[in-house]
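Engineer:
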Amino acid sequence: MSIRQLVTGLASLRDFATGPIPQAVTALLLEAMGLCLELLTKLSLRLRESADPRVAAAHASLIEHLFRYTVREQIRSLAHLEATAAHLLSDEELTALREHRTDFSAPARQESGRTAYANASTFRAAWLGIDFFEADRRLGDAHLLVARRFMDGSTITPRFTQLATLHAEDHRLDPRRVAQAARSLDKFEPPDTSFEGAPLDPVATYEGQSMQERAVKLLCEADRSAGAKKLKNLLRDYRKANEEFVQAECGLFYQGNTNGIDSFLLRSQGLQSEQLHSFVGQSDNPRTESGQAARKSAPLAPADLFTSADLAPDWAQPAPEPKDQAEPTDQAKPSQFSQEPVPVPTPSVESPADPAPETNDLEVSVAQRRLNALLASLSAGKTGAKTVTPQILVHMQAKNLSDLASATGVTAHGVPLDPAELRQLLCEAKIIPVVFGGKGQVLDVGRAQRLFPEPIKKAAFARDRGCIVPGCNAPHEMLEYHHCNWWERGGKTCIKNCAVLCRHHHALIHRRLLRIEMVGSVPHVVLPKFLDPDQIPRRNTYFCAAA
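Residue numbers for the sequence shown follow our numbering, so the first one is 38 and each next one is one higher.
This is the structure in structure tokens:
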């Protein structure tokens, strides 16, 4: 048989399986499925032998589709096991199934008395060869997303019908995300009593809308990272609103010494969290003097098996320098609350070191360089110490300045500040308004200079709130400012021609792997066709979700 005949035969089998299946051919279908699994194994082996990267990409895509189908089918099959009372099968029937000699034309024989398994969960774990708790979790997912069962064995709709539809029909979505959302929402609901004959539908709401509806909307967002962040925040806000949020104690805790290594646990919130976020972000930045010093101020510890390049996200990997501006920002992302945010900064971040190091990134691990920077800051009085000064930048609605008793803000790294902390900052810091076209702000210097001045960078950051490429979560310490119409092509240095990008995506723009289009005088990104066949201009929403 030729490979083309095999493909034709498989297509015919697919078409046959979509129609009603006679009971007489059940055994043949099971055999055919087993053969298909063996065929899949052999085909994957042959495809992995190819050195063609296109084959590798296509093969990986097919395997991912298969994996997602398998994840869905895992919980469907458990619901099927439960609905058919498979745990009551006799020992003879189970043995015949294992030995592939079952007569499916005859009725199934079940134990009339005590079965070999104490309950259905024990049977599932033993029959499938998986951990008992894993089998129980999958069955719980089946009740939430596939079907629930009455005591008499009949089934009813799953508890979360909207999530169940999303789980079954949206094949672009990772089913594990839907199952995790369903488990999280189920914790907010009273225990289901379907088995006792009184099924309970979900009733949890937040701000007048069903929690399930909110979760479905967030799971369907095109920007998956932003949707996941918003869903996490939704669950957090619901717990707080319903007094189910347990606040851990903040502080620095000594965890003891193990094999000569001291361990400390650090917990913080609010303004202290923002200081630490800023400190870590600046110590990670190889373009600052303190960031460079942290990479070489201490030798590599024996336990540090990974370099910073191994652990850093893609936006922190070394990238070719673009021809356009490549300055680190000293700005922070604004809140999603207003288009006219007001930042409250402390003294500016240190000037960037020039040039950036090319090899020092590999000298210490990420964790070690952060520790180096912290110890250097504690030794700020030593001569020649290069320390990090945390920068705190808060964004709030300008109208709230008239009512500071209830005003709240969001820091550069998405940390919410309560009114007391915000008032403290306003008393200690100078207020610099970032208003588009505001009085005293130079937002257009034409061709007089190439690099963007600080007022333009402040305005661009307040508008873009971070790297504008969808899904990018690069911290503000790693951001740069790009001329949408390139400087060498005659582009002006003005707010209308400025876009905020991380180092990695800035390089991709100049390599023409990404392109920028202006929509309503606001820069949008067009992704490559293999990521977005529709070529729709998009903007990042992650930073709006982070607050």
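Here a beta-carbon is modelled for each residue, glycine too, at the ideal position from N, C-alpha and C. Predicted model only: the values in this text are computed from it and were never measured.
Apart from the five residues just before and just after Ala-216, which ones in its own chain have a Cβ nearer than 6 angstroms to its Cβ?
Structural biologist: In its chain, beyond the 5 residues on either side, Asp-178 have a beta carbon closer than 6 angstroms to the beta carbon of Ala-216.
Engineer: Which same chain residues end up closer than 6 angstroms to Glu-258 when comparing Cβ atoms and leaving out the 5 residues on each side of it in sequence?
Structural biologist: Gly-264
Engineer: Please state if the CB of Leu-538 and the CB of Leu-516 are separated by a distance shorter than 9 angstroms.
Structural biologist: A distance below 9 angstroms separates the beta carbons of Leu-516 and Leu-538.
Engineer: Restricting to Cα atoms, I'd like to know which of Phe-187, Glu-250, Ala-497 and Asp-173 is closest to Phe-197.
Structural biologist: For Phe-197, the closest C-alpha among the options Phe-187, Glu-250, Ala-497 and Asp-173 is that of Glu-250.
Engineer: Using three-state DSSP, classify Ser-247 as helix, strand or coil.
Structural biologist: strand
Engineer: Helix, strand or coil for Arg-186, going by three-state DSSP, please let me know.
Structural biologist: strand
Engineer: From Leu-99, Leu-76, Cys-531 and Gln-111, pick the residue whose C-alpha is nearest to that of Ile-40; which is it?
Structural biologist: Leu-76
Engineer: Within 9 angstroms (strictly less), CB to CB, does Ser-142 reach chain C?
Structural biologist: The structure shown contains no chain C; it is built from a single protein chain.
Engineer: Should the stretch 266-280 be regarded as contacting the stretch 239-250, the criterion being three or more beta carbon pairs within less than 8 angstroms?
Structural biologist: yes
Engineer: Return the chain-ordered list of same chain residues with a C-beta closer than 8 angstroms to the C-beta of Ala-54, the five sequence neighbours on each side being excluded.
Structural biologist: Counting only Cβ-Cβ distances below 8 angstroms, and skipping sequence neighbours, we find Leu-66.
Engineer: From what residue to what residue does the beta strand (DSSP E) around Pro-560 run?
Structural biologist: 559-563
Engineer: Contact defined as beta carbons within less than 8 angstroms: I believe Asn-577 pairs with Asp-260. What is the distance between those atoms, to the nearest angstrom?
Structural biologist: 7 angstroms
Engineer: Do the CB positions of Thr-139 and Ala-64 come within less than 9 angstroms of each other?
Structural biologist: yes
Engineer: Exposed or buried, Val-403, counting other C-beta atoms within 10 Å across all chains shown (16 or more means buried)?
Structural biologist: Answer is buried; the Cβ neighbour count reaches 16.
Engineer: Give the single residue among Arg-161, Gly-234, Ile-100 and Tyr-154 whose Cα lies nearest to the Cα of Thr-192.
Structural biologist: Per the Cα distances, Gly-234.
Engineer: Does the distance from the C-beta atom of His-208 to that of His-314 stay below 9 angstroms?
Structural biologist: no
Engineer: Would you grab the beta carbon distance between Ala-153 and Asp-128 for me? Rounded to a whole angstrom, and I think it's under 8 angstroms.
Structural biologist: 6 angstroms
Engineer: Roughly how many whole angstroms lie between the Cα atoms of Phe-489 and Met-555?
Structural biologist: 19 angstroms
Engineer: Pick out the complete alpha helix (DSSP H) segments inside the stretch 70-137, 4 residues or longer, and give them in chain order.
Structural biologist: Counting whole runs of 4 or more residues, the stretch 70-137 contains the alpha helix (DSSP H) stretches 90-120 and 128-135.
Engineer: Find out if the Cβ-Cβ distance for the pair Leu-165, Gln-147 is shorter than 9 angstroms.
Structural biologist: no
Engineer: Are the stretch 513-529 and the stretch 284-295 touching by the rule of at least three beta carbon pairs closer than 8 angstroms?
Structural biologist: no
Engineer: Taking Ile-573 and Cys-521 to be in contact with their CB atoms under 8 angstroms, please state how far apart those CB atoms are, rounded to whole angstroms.
Structural biologist: Their Cβ separation, rounded to whole angstroms, is 18 angstroms, which puts Ile-573 and Cys-521 out of contact at 8 angstroms.
Engineer: Which word fits Phe-290, buried or exposed, when buried means at least 16 other C-beta atoms lie within 10 angstroms of its C-beta?
Structural biologist: With fewer than 16 Cβ atoms within 10 Å of its Cβ, Phe-290 is classed as exposed.
Engineer: Under 9 angstroms, do Ala-172 and Leu-115 count as touching if we go by C-beta distance?
Structural biologist: yes
Engineer: Look up Thr-4 in the DSSP assignment and give the residues it is bridged to.
Structural biologist: No statement about residue 4 is possible, as the shown extent of the chain runs from 38 to 584 and does not include it.
Engineer: Taking Ile-505 as the reference, which of Glu-525, Arg-540, Arg-151 and Trp-524 has the closest Cα?
Structural biologist: Arg-540
Engineer: Roughly how many angstroms separate the alpha carbons of Ala-184 and Asp-168, rounded to a whole number?
Structural biologist: About 22 angstroms.
Engineer: Among all the DSSP beta bridges, which residues are the ones paired with Phe-290?
Structural biologist: In the DSSP output, where bridge partners are listed per residue, Phe-290 has Leu-302.
Engineer: Give me whichever residues DSSP pairs with Thr-45 in a beta bridge.
Structural biologist: Paired residue(s): none; Thr-45 is not in a bridge.
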